[in-house]
Amino acid sequence: MEETVEYADLLRLMDERSAAFQAAVAGAPSLDVQVPTCPEWTLFDLVQHLGQGRHQWAATVAAGPADGPAPVSVPPVPQDREDLISWYAASVRELLDALRAAGPDRACWTWWGASQSPQTSRSVARHQLQQFAVHAYDAQVTVGAPQPLPTEVALDGVDEFLTTCCATTGRWPHKPAVVDYHATEGRSWRVRLSAEGARVARLQDDEKADVAAWGTANELVMFFYGRIPAEALRVEGDAGIFDQLFAWEPEV
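Note that this note's numbering has the sequence shown beginning at -12, numbered continuously upward.
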């Protein structure tokens, strides 16, 4: 796989996407407004989710190698908007501080042990960047001002999602398939699904895929995270494979 974003840049981009999230929350008419892309949550719920999760990941990175996530005591969640944003910002600083102290190669627990992403602080940073980016988009949609992800973030997001969330050694229970994703920015990925699991590689040959999707890197990331439907992309082949992928819970 091609070299991804440098570690220091991952942390910088996390900070930038977090700032975009905070700006959207600060500009919302109310914290009780529903989040269209996460309809089960209000904006308050979204801030709470993101803040609590960053405290958890900060503790897990700081703990180093382990068999599970680190125990953590999350500070109480304020109800006042200004206090809530400050509480959230503190969780981001805690995570960034933990990642800086760990450096890119420190081992730590992650839930994606069977994927193609190593269980390291660098992989945590890559995944956390996408969490910040997608939820910043969610908050922006909520206030009626959605912005596409920065190109650097979106391109790394396609690669990160596929190698972390899709790649697995768990058995694919359906007919073997080849799935291609093409970003209009000029990068393509191939996912091979078989009894050996799902393996991801940069696309380098002309073998015909069973299904292929084209879109901007931002659109591909939003499709992966369920923010837009497959119909928003250009798709050729058996689109039912996408439904099988989204429903798949591999046993590893």
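From the three backbone atoms N, C-alpha and C, an ideal C-beta is built for every residue, glycine too.
No experiment lies behind these values; they were computed from the predicted model shown.
- Measure the C-alpha to C-alpha separation of R87 and R41 and round it to an integer number of angstroms. 14 Å
task: Note down, in chain order, each residue of its chain lying with its Cβ closer than 6 Å to the Cβ of A188, except the 5 sequence neighbours on either side.
output: R177
Where does the unbroken alpha helix (DSSP H) through S17 begin, and where does it stop?
Premise fails: S17 is in no alpha helix (DSSP H) and is neither H nor E.
**Message:** If the criterion is Cβ atoms closer than 8 Å, does the pair Y(-6) and R109 meet it?
**Reply:** yes
_Alpha-carbon spacing of D19 relative to L82, whole angstroms_ = 27 Å
- request: Using the Cα positions of R113 and L0, report the straight-line distance between them to the nearest angstrom.
  value: 10 Å
Buried versus exposed, by CB contacts within 10 Å (16 or more), W44: buried
Could you spell out the range, first to last residue, of the alpha helix (DSSP H) harbouring W271? There is simply no residue 271 to check, as the chain begins at -12 and stops at 239 in what is shown.
- Message: Within a Cβ cutoff of 6 Å, which residues of the same chain sit near V121, ignoring the five residues on either side of it in sequence?
- Response: Y212
Quick one, which of R214, T156 and A170 has its alpha-carbon nearest W235's?
T156
I'd like the list of long-range same chain contacts for T203, defined as Cβ closer than 8 Å, with 5 residues on each side in sequence excluded.
P135, A141, A170, T171 and E172
*Cβ-based burial, R214 [other Cβ within 10 Å; buried from 16]*: buried
Subject >> Spatial distance of A85 from A50 (CA atoms) >> reply: 9 Å
**Message:** Can you tell me whether L86 is helix, strand or coil according to DSSP?
**Reply:** helix
With a cut-off of 8 Å on the beta carbons, I'd call A182 and W159 a contact; round off their distance for me. 6 Å
For T29, which residues in the same chain have their Cβ closer than 8 Å to its Cβ, ignoring the five residues on either side in sequence?
L18, D19, V20, Q21 and V22
On a CA-only basis, which of D54, N205 and P56 is nearest V145? Give me that one, please. N205
Query - Limits of the unbroken beta strand (DSSP E) element including H169 - result: A164 to A170
Quiz item: Just the Cα atoms here: how many angstroms apart are D32 and T(-9)?
Solution: 32 Å
Determine the DSSP secondary structure at V130, reduced to helix, strand or coil. coil
- Determine the contact status of A242 and A126, defining contact as a CB-CB distance below 8 Å. Residue 242 lies beyond the residue range present for the chain, which begins at -12 and ends at 239; the question has no answer from this structure.
If contacts are defined as beta-carbon pairs under 8 Å, then C153 and A185 qualify, I think. What distance do you get, rounded to the angstrom? 5 Å
Cβ atoms of S78 and G38: under 8 Å apart, would you say? yes
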